[in-house]
Amino acid sequence: MLDYAMCSLVPPGQGPTFTQLLYTRCTDEFKSADGGFKKSDVMELLGSLYNLDLISIADVVSATNILECERDRSAVYDRWIECIAKLLTTSGPKLNHMSSECEDARALFNGCFRTFLELSADPRLCNRLRFLTQDILALRNNHWVPRRARPTPQTIEAIHLEYNRELEAITEEEQVAVLARRRDHRNKKRIRRNEQKRDDEMC
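Per my numbering, the sequence shown starts with residue 79, numbered consecutively.
As structure tokens, then:
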């Protein structure tokens, strides 16, 4: 990937841009039988690039069509479902809006949603993927507003602040019980670590 990044230093008009090279690398991963990255992660990256207006909706449609061809050949939906779900989770609102202005995109994604609707009630599909299709359909029906906010990383200060807020919201007796449970939990973890260390030394 460093070679791709270095190519972005080429002056305009004298070579492909970093975004073009990144998009090419992503589509190469799709086309390869066993790429170095999970295809669903690559699709999530494409969705993020699209959100930033670094690639066009035509690029997204092109990448999705590669998956469509793969699905038609193999008749195995697992990878296709995961990739489309990643894309729609990442860029659903923008794709939904732009699809109304792009006939190819509208036809493609309407077809995806019809397939998701069929699969969401297909008992032959494993529970994990069936629930995944149901979640995407529910997300679209809810205007792309997730039912649960995605967890985001917190700083140590934010964690301490939240902990103190929780303690302030309960009675003194409950605080003592919470602290006792946490102390017992730490003690049990320490005991398990010591036992594991002793077992390792005996081996």
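Glycine included, each C-beta is placed from N, C-alpha and C at the ideal position.
{"Asked": "Cβ contact (3+ pairs, closer than 8 Å) linking the region 191-206 and the region 234-247", "Found": "no"}
{"Asked": "Under the three-state DSSP convention, the category Lys116 falls into", "Found": "coil"}
{"Asked": "contact_flag[the region 176-183, the region 123-139] where n(CB pairs < 8 Å) is 3 or more", "Found": "yes"}
{"Asked": "Cutoff 8 Å; reference Trp222; Cβ partners in own chain excluding five residues on either side", "Found": "Gly170, Pro171, Asn174"}
{"Asked": "Asn254, buried or exposed, once every other Cβ within 10 Å from all chains shown has been counted against 16", "Found": "Asn is not the amino acid found at residue 254; the sequence shown has Val there. Its Cβ having fewer than 16 others within 10 Å, Val254 is exposed."}
{"Asked": "Residues near Glu122 by beta carbon distance below 6 Å, same chain, minus five either side", "Found": "Lys164, Thr168"}
{"Asked": "Coarse secondary structure for His263, derived from DSSP in three states", "Found": "helix"}
{"Asked": "Member of Asp131, Asp106, Leu130, Tyr128 whose CA lies at the smallest distance from the CA of Leu145", "Found": "Asp106"}
{"Asked": "Where Thr168 falls: helix, strand or coil (DSSP)", "Found": "helix"}
{"Asked": "Opening and closing residue of the alpha helix (DSSP H) in which Leu197 lies", "Found": "181-197"}
{"Asked": "Cβ neighbour criterion (16 or more within 10 Å) applied to Glu244", "Found": "exposed"}
{"Asked": "Cα-Cα separation, Glu196 to Asp156", "Found": "14 Å"}
{"Asked": "Inter-residue spacing [alpha-carbon to alpha-carbon] between Pro90 and Phe187", "Found": "Confidence at Pro90 is low in this model, with a pLDDT of 45, below 50, so its placement is unreliable and no value can be given for it."}
{"Asked": "Burial state of Thr211 (16 or more Cβ within 10 Å)", "Found": "buried"}
{"Asked": "Where His221 falls: helix, strand or coil (DSSP)", "Found": "coil"}
{"Asked": "The ligand GDP heavy atom lying under 7 Å from the CB of Ser198", "Found": "This structure lacks the ligand GDP; in fact it carries no ligand of any kind."}
{"Asked": "Where Gln98 falls: helix, strand or coil (DSSP)", "Found": "helix"}
{"Asked": "Straight-line gap, Glu273 to Lys266 (C-alpha atoms, nearest Å)", "Found": "11 Å"}
{"Asked": "Proximity of Ser198 and Leu215 at Cβ, strictly below 8 Å", "Found": "yes"}
{"Asked": "Cβ-based burial, Glu246 [other Cβ within 10 Å; buried from 16]", "Found": "exposed"}
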